[in-house]
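Residue numbers (this note's numbering): 2 to 223. Even glycine gets a Cβ: it sits at the ideal position worked out from N, Cα and C. Model, not experiment: these values are computed from the prediction.
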């Protein structure tokens with residue numbers, strides 16, 4: 002067998018050929034690699050990155066609609082002729098103008114709603130802060146008033162201890178009630194000088210009567 006000659010090499014792969022290499026469908030990976038290679042091919046070239054969002058004020062404004070329309074066309078005007086394309090272009094411009102108007106209206110409404118919510122939130126925060134401040138001032142005044150009433154301007158305002166309470170209770174005693182008898186056990190004849198005939202004076206007799214009266218006396222009807 003004879004060896005393969007140069008005629009067996011594809012013309013596109015032959016280095017002597019000037020025919021461009023056939024382009025094939027690129028996969029996502031190869032497309033990304035081609036983009037990166039193109040960027041690194043000219044590193045000194047400036048790369049312009051488009052903005053993610055363009056404000057409405059910087060957008061290209063469409064032309065204002067004409068004040069007077071002499072020829073009003075319908076969707077079937079000039080069907081099959083060049084006038085139909087004129088109608089499509091004017092309709093596209095009108096739709097673009099209406100879309101921009103709707104976007105501007107939505108932006109204004111969103112901005113107004115945001116400002117309204119912001120003012121309401123600020124008012125609620127201010128009201129809550131005012132109520133908390135009034136509560137703190139009220140508590141402070143009550144505390145100062147309690148200190149002044151106790152005569153301790155900056156001293157101890159603690160409650161009295163248990164020992165002090167017990168001492169106070171012990172000093173207060175309930176006196177027993179004295180029930181006088183309807184009769185006298187000791188007959189004492191008092192003379193003109195205030196002395197009785199017996200050996201005991203009147204004062205001693207009255208003391209003995211009082212001591213007997215302090216006890217509980219149970220009388221039988223028999």
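Given this structure, state the Cα-to-Cα distance separating residue 97 from residue 112, to the nearest angstrom.
23 Å
query = Can you tell me where the alpha helix (DSSP H) with residue 40 in it begins and where it stops?
reply = 29–42
Length of the line joining the Cα atoms of residue 67 and residue 93
15 Å
### Beta-carbon proximity check, residue 39 vs residue 27, cutoff 9 Å
no
In angstroms, rounded to a whole number, what distance separates the CA positions of residue 48 and residue 101? 30 Å
May I have the straight-line CA-CA distance separating residue 95 from residue 37, to the nearest angstrom?
41 Å
| task | Please go through the same chain and pick out, in chain order, the residues whose beta-carbon is closer than 6 Å to the beta-carbon of residue 135, but skip the five residues on each side of it. | result | none
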